[in-house]
Amino acid sequence: MHIQTNKIGSILDYANVMTYDMHGAWEATGPANLQSPIFNSPNDPMAPVPPGNGKYTVDSAVKAWLNGDSSYGIPGGFPANRLTVGYPLYYRGWSGVSAGANHGLYQPATGAAQGHPDSGSVPGVSFYKELTGFVDNPSMTFQDPITKGAYFYDGNTFWTGESAASIQAKADYQHCNGLAGAMVYSLEADPNNVLVNKIINATNGSASTCTGGTGTPSPTGSRSPSRSPSPSPTGTRTPTPTPTGTGGGGCTLPAWNASTAYVGGQQVSYVGHNWTAKWWTQGDIPGNNSQGVWTDNGPCGGGGGGGTGNCAGLFAWNSGTAYNGGQSVMYNGHKWTAKWWTQGDIPGNNSQNVWTDNGPC
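Numbering (the numbering used here), first residue to last: -4 to 356.
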């Protein structure tokens, strides 16, 4: 079955991506691998998935929906702000795992870990509530620094699922890529909402840095995703190599740079104009890309706050309207641009500093 990712975005409110079950005890002798790695690792012994060269990660799944993957016939084109990522509330595991260099990660196993009754006594699978004392034990909890995936090891048994650190890393990924939010499977595995509350808080919070697959952070402006999906242009893009930009005369904002990753709300100058990113972007030339990633705030006026505030064609701000990052409104004689999803936040008068003042109309 092929999903037409470039067409269904216009008819769906949101899509839940099953970003887990990437490895488990069906790989009977291992190697013990991660159930939900966010990024790819050169250390991952998994064989590439034919006919392409990809391996299972959260990032590869999300980017296939957004940008497409020609190796697998996936067109991409699904709106980022309608896409969620999944968090498992259960764990997959192996037994007879040797320690190796990294507490069992990528090591061979003798078989599946022992199952438990509430999760069906299936070898290699257990709910969070069935593994208390193990997956909530700090001395047995580990996070791979490259993939950001979590795993748990006691010297023999290896479980993989979510930890507090992996939940935060996955929520950061949501924020930095302008995604709609989170989904979980399934609630009966966590009746006291230990993991669920961490997921909710991280999703409603913010990302301090945005990290790519190499683990190199790039600065972020502030929290970026919408709390709930609402129609807007599609999300991220496939980068196109371009020369480094130039701010132009009279511009005080940092000049756009083709190799820099920007998140929604960050501002740059390019060919004499100030621009605001609507969502995560890298390599998209302001004013010259098919996704419309950048909002043109007008010619540089010598100040660091934004453009000229041209209000032609803008609607007045309305407290009952939900706005996405990059949308502009008119309020109190000024043009304002939203940095991220917002509703009810008064331009120029809210603690989150949601709106960028682009100057008088």
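Here a beta-carbon is modelled for each residue, glycine too, at the ideal position from N, C-alpha and C.
A quick note: this is a predicted structure, and the numbers were derived from the prediction, not measured.
Take the alpha-carbon of N1 and the one of G71: they are about 5 angstroms apart. For T155 and L248, the gap between their C-alpha atoms comes out near 44 angstroms.
When Cβ pairs closer than 8 angstroms are counted between the two stretches, the stretch 155 to 167 is seen not to touch the stretch 61 to 75, the count staying below three. With respect to the C-alpha of Q163, the residue from V80, D291 and S114 having the closest C-alpha is V80. A straight-line Cα-Cα distance of about 6 angstroms links A250 and Y265. Here P46 is exposed: its Cβ has fewer than 16 other Cβ atoms, across all protein chains shown, within 10 Å. In the DSSP assignment, C356 forms no beta bridge with any residue.
Assigned with DSSP and collapsed to three states, M135 falls in helix. Annotated three-state conformation of T198 is helix, per DSSP. Excluding five sequence positions before and after G25, the CB atoms of its chain that fall closer than 6 angstroms to its own CB belong to W89, P103 and A104, given in chain order. The Cβ atoms of D185 and L84 sit closer than 8 angstroms to each other. For H268, the enclosing beta strand (DSSP E) stretches over residues H268 to A272. Inclusion of T52 and F34 in the CB contact set at 8 angstroms is warranted, their separation being smaller than that value.
No residue range can be given for Y257, since it is assigned to no beta strand (DSSP E) and is classified by DSSP as neither H nor E.
The continuous stretches of beta strand (DSSP E) do not include H170, which lies in the alpha helix (DSSP H) extending over residues A159 to C171. Looking from the CA of E157, the closest CA among I141, N172, G173 and V179 belongs to V179. Distances from the alpha-carbon of K193 to those of A56, A177 and E183 put A177 closest. Taking C-beta atoms under 8 angstroms as the contact rule, G282 and W274 fail to qualify, at a distance of about 16 angstroms. When rounded, the separation of the alpha-carbon atoms in S201 and C171 is 9 angstroms. Spatial neighbours of N97 in its own chain (CB-CB distance under 8 angstroms, excluding positions within 5 residues in sequence) are listed in chain order as F137 and D139. Going by beta carbons, Q261 and A272 fall inside the 8 angstroms limit. Here DSSP, grouped into helix, strand and coil, assigns N11 to strand.
When DSSP states are grouped into helix, strand and coil, W312 belongs to the coil group. Following the DSSP letters along the chain, one finds K2 inside the alpha helix (DSSP H) bounded by residues T0 to I3. Of the other Cβ atoms in all chains shown, fewer than 16 fall within 10 Å of the Cβ of L182; this residue is therefore exposed. As DSSP reads the structure, L78 sits in a beta bridge with A10. Between E125 and S134 a beta carbon distance of about 19 angstroms is seen, past the 8 angstroms cut, so the two are scored as non-contacting. Closest option to L309, judged by alpha-carbon separation, among L29, P342, T332 and M325: M325.
Around the beta carbon of Q347, fewer than 16 other beta carbons lie within 10 angstroms, which makes this residue exposed. G287 counts as exposed, since fewer than 16 other C-beta atoms from the protein chains shown sit within 10 angstroms of its C-beta. Less than 8 angstroms separates the beta-carbon of Y123 from that of V130.
For R87 against A197, the beta-carbon gap comes to about 22 angstroms, at or over 8 angstroms, which does not count as contact.
For K50, the secondary structure class from DSSP, reduced to helix, strand or coil, is coil.
V191 counts as buried, since at least 16 other C-beta atoms from the protein chains shown sit within 10 angstroms of its C-beta.
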